[in-house]
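*Asks:* So for the sequence shown, numbering that gives the first Met the number 0 puts the first residue at 0; every next one is plus one.
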Amino acid sequence: MDFQNLVDMYEMAAAVLSVEKTPDGHWGEIRIVCANTQYKQIMGPNYHDDMIYSELIPAEHNFEDFCFRCAVQKQHLHSYVDTKAMDLWTDATYIPLSTEFDTEKLSYFLFHFEFTKAPDAERLSNISLETAPFVIQTCLNLRGATNFYEAMNTVISDIQAKTESFCSCIIMIDKERNKYAPLCSKLSDPNLTMNDFMPYLTPEVVFSWEETLKTTDCVIVKDDFDMDNLEKINPVWVKSLKSANVKSLILAPLMQGKKMTGVLFITNFNIEQIIQLKDFIELTAFFLSAEINNNNLMERLEYMSNIDTLTGVKNRNSMNARVDWHVNNSYSVKTPFGIIFADLNGLKQCNDNGGHEAGDKLLINAAKLLTKHFGKYEIYRSGGDEFVVIVQQCPKEEFEKKTEELRAESGYGSDVCLAIGTSWTTDGKELRYCMHIADEAMYADKKEYYRKHPDIAR
């Protein structure tokens, strides 16, 4: 058959590729036998017939696996993937050619594709009838839930059941802060939890994933051949995988634009479903990324509405809401509790002498001092130079000891000088009354301070 005539019949970019068959049942060289004009224009002047494909684009294991399945096993395949090496999405079709063209060493297939600059919804939805119900169910679980974390647990349980995996989990990664943590997980063994396997997920392993995923839309390991290939790329991770007795895995990135914010990680899954699972996982990871990013935005907005951005402690809105929750019994302050009102002495003089930058620094240091003594309790910046601390479930002796330690470190001449008023009670109904008493005591303390030190501007 004239392969050139075949590819020239296509309006889109098309080529015939050959796959070398190896004695161990895998593949060797994958070559572009010939291509049409559209294909050659896309690939540029370095293209020539009968070249190894990786001379044009970086080698990609998942692509090679699809080539082998199509050419040798005669599977008709389709994929729509993020081709990271080209910063484009590729809508590709793999069509096996008749065995009459095969030789003892080579098998052939037709490959045609189109690029899109961004993920296209219509192309993403072009999935098999077997996969569609599970993807739809995932979307319904994500969009129908009122609690984000409950939704994540439901989805990860569905993924574990669909993949028949030993473990399915989502791990969030913050490379800038050098932090990572599991968001949700589901294991087939009810006697085990994700915590049993976190020792295998060291920082060296987790932070290596981004580099491993740079040239592929996901990492798939289904046998020793794939594991050996991964070991060449990421030996540290493979050592960890073998220690944890992982035989197969899928690792799909969760993205926010070009930034990887986490991964969907599946181990020891049903490899017989690999083609359907690849589509399912890639599409599910796409929807999960959107949902997680949306939740992160909402949490960030909630954080900004409840946190004083200068000092990092909670703001007045948050304090008012906390009092309301206590009064209507939706989130009570646990007794016994104490209330502290602390107001900065000398803030005006600091602003006058050093400018508002110096005043801001003084406020930040005041918040740090309060956090040092009452960090495990609720600290609020209730006004310009005023802070409130709610110290719940604290015996009177301990409360008085802590407040005296704070007074000792914030008296006249200290870097941070505070006027302090306190109140303590065992009666949960007295929250507002205690706040009133502490507020009055703080103003009395402040008045006495300026009486003793009239030289300090108020």
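Don't be surprised by glycine CBs; every beta carbon is placed ideally from N, CA and C.
1) Tell me which residue opens and which closes the beta strand (DSSP E) that E10 is part of.
2) Can you check whether the CB of V15 is closer than 7 angstroms to the CB of L109?
3) From the DSSP output, read off the bridge partner residues of W88.
4) Relative to the C-alpha of S413, which residue among N344, S317, W423 and G382 is closest?
5) List in chain order: all unbroken beta strand (DSSP E) runs of 3+ residues lying wholly within the stretch 399-426.
6) Does N314 pass the burial test, meaning 16 or more other C-beta atoms within 10 Å, or should it be called exposed?
7) Less than 7 angstroms separating the beta-carbons of Y93 and L76?
8) What number of angstroms, rounded off, separates the C-alpha of L182 from the C-alpha of E63?
9) What residues match up with K20 in a beta bridge as DSSP calls it?
10) Does the pairing of the stretch 422-435 with the stretch 330-350 give three or more beta-carbon distances under 8 angstroms?
11) Tell me, which residues are paired with A251 by DSSP?
12) Go through its chain and collect everything with a Cβ distance to Y9's Cβ below 7 angstroms, but skip five positions before and after it.
13) Roughly how many angstroms separate the alpha carbons of A180 and D173, rounded to a whole number?
14) Looking only at its own chain, which residues have a Cβ that is under 7 angstroms from the Cβ of E203, when we skip the five neighbours before and after it?
15) Can you give me the C-alpha to C-alpha distance between K360 and T115, rounded to a whole angstrom?
16) So H325 packs on S317, CB below 8 angstroms; how close in whole Å?
17) So L123 and Y79 are in contact, right, with Cβ under 8 angstroms, and what is the actual spacing, rounded?
18) If you scan the stretch 301-356 from start to end, which runs of the beta strand (DSSP E) of 3 or more residues do you find wholly inside it?
19) With DSSP as the reference, identify every bridge partner of Q391, one or two as the case may be.
20) Confirm, please, whether the CB-CB distance from V387 to Y379 is below 7 angstroms.
21) Could you check if G358 is buried or exposed, using at least 16 other CB atoms within 10 Å of its CB as the buried criterion?
22) Which residues in the same chain as I306 place their Cβ atom closer than 7 angstroms to its Cβ, once the five residues preceding and following it in sequence are excluded?
23) The alpha helix (DSSP H) that contains C66, what's its start and end?
24) Is the beta carbon of V71 closer than 7 angstroms to that of V18?
25) Which whole runs of the beta strand (DSSP E) in the stretch 140-170 are 3 residues long or more, in chain order?
26) Please state whether the Cβ-Cβ distance between T266 and F165 is less than 7 angstroms.
27) In the DSSP assignment, find the unbroken alpha helix (DSSP H) run with R458 in it and report its ends.
28) Hey, quick one: how far does the alpha helix (DSSP H) through C433 stretch, first residue to last?
*Replies:* Taking the coordinates as given:
1) Walking along the sequence shown from the start, residue 10 turns up at place 11. Taken as a continuous stretch (DSSP letters only), E10 belongs to no beta strand (DSSP E), as it is neither H nor E.
2) Within the sequence shown, numbered from 1, the residue matching residue 109 stands at position 110. Within the sequence shown, numbered from 1, the residue matching residue 15 stands at position 16. In contact: L109 and V15 (Cβ atoms closer than 7 angstroms).
3) Here residue 88 refers to the residue found at position 89 when the sequence shown is read from its first residue. Bridge partners of W88: D81 and T115.
4) The sequence position of residue 413 within the sequence shown is 414, counting from 1. Checking every option, the nearest Cα to that of S413 belongs to N344.
5) 417-424
6) Taking the sequence shown and counting its residues from 1, one reaches residue 314 at position 315. So N314 counts as buried.
7) For this step, residue 93 is matched to residue 94 along the sequence shown. For this step, residue 76 is matched to residue 77 along the sequence shown. Yes, these two residues count as a Cβ contact at 7 angstroms.
8) Locating residue 182 in the sequence shown gives position 183, where the first residue counts as 1. Locating residue 63 in the sequence shown gives position 64, where the first residue counts as 1. Rounded to whole angstroms, L182 to E63 spans 32 angstroms at the Cα level.
9) Residue numbering aside, residue 20 sits at position 21 when the sequence shown is read from its first letter. Its beta-bridge partners are W26.
10) yes
11) Here residue 251 corresponds to residue number 252 of the sequence shown, with the count starting at 1. Beta-bridge pairing links A251 to L263.
12) The residue labelled residue 9 in the question sits at position 10 within the sequence shown. Answer for Y9: N35 and H111, listed in chain order.
13) Residue numbering aside, residue 180 sits at position 181 when the sequence shown is read from its first letter. Residue numbering aside, residue 173 sits at position 174 when the sequence shown is read from its first letter. Cα-Cα distance, rounded: 9 angstroms.
14) For this step, residue 203 is matched to residue 204 along the sequence shown. Same-chain partners within the cutoff: V235.
15) Your numbering for residue 360 matches position 361 in the sequence shown. Your numbering for residue 115 matches position 116 in the sequence shown. Between K360 and T115, the C-alpha separation is close to 50 angstroms.
16) Position 326 of the sequence shown, counting from 1, holds the residue named residue 325. Position 318 of the sequence shown, counting from 1, holds the residue named residue 317. So it is not a contact: roughly 13 angstroms between Cβ atoms.
17) As a working note, residue 123 is residue 124 in the sequence shown. As a working note, residue 79 is residue 80 in the sequence shown. L123 to Y79, Cβ: 6 angstroms. Contact.
18) 336-343
19) Within the sequence shown, numbered from 1, the residue matching residue 391 stands at position 392. F336, per the DSSP bridge assignment.
20) By one-based count along the sequence shown, residue 379 stands at place 380. By one-based count along the sequence shown, residue 387 stands at place 388. A contact, by the Cβ cut-off of 7 angstroms.
21) Along the sequence shown, read from residue 1 onward, the residue named residue 358 stands at position 359. Looking at its Cβ environment, which holds 16 or more other Cβ atoms inside 10 Å, G358 is buried.
22) Position 307 of the sequence shown, counted from the start, is the residue given in the question as residue 306. Only K313 and N314 meet the Cβ criterion.
23) The sequence position of residue 66 within the sequence shown is 67, counting from 1. Where C66 is concerned, the enclosing alpha helix (DSSP H) stretches over H60 to A70.
24) Sequence index remark: in the sequence shown, residue 18 carries index 19 (1-based). Sequence index remark: in the sequence shown, residue 71 carries index 72 (1-based). Contact flag set, yes.
25) none
26) Within the sequence shown, numbered from 1, the residue matching residue 266 stands at position 267. Within the sequence shown, numbered from 1, the residue matching residue 165 stands at position 166. Against a cut-off of 7 angstroms, the Cβ pair of F165 and T266 comes out as a contact.
27) Any answer about residue 458 is impossible in this case: the structure gives the chain only from 0 up to 457.
28) Locating residue 433 in the sequence shown gives position 434, where the first residue counts as 1. Here the alpha helix (DSSP H) through C433 covers L430 to K451.
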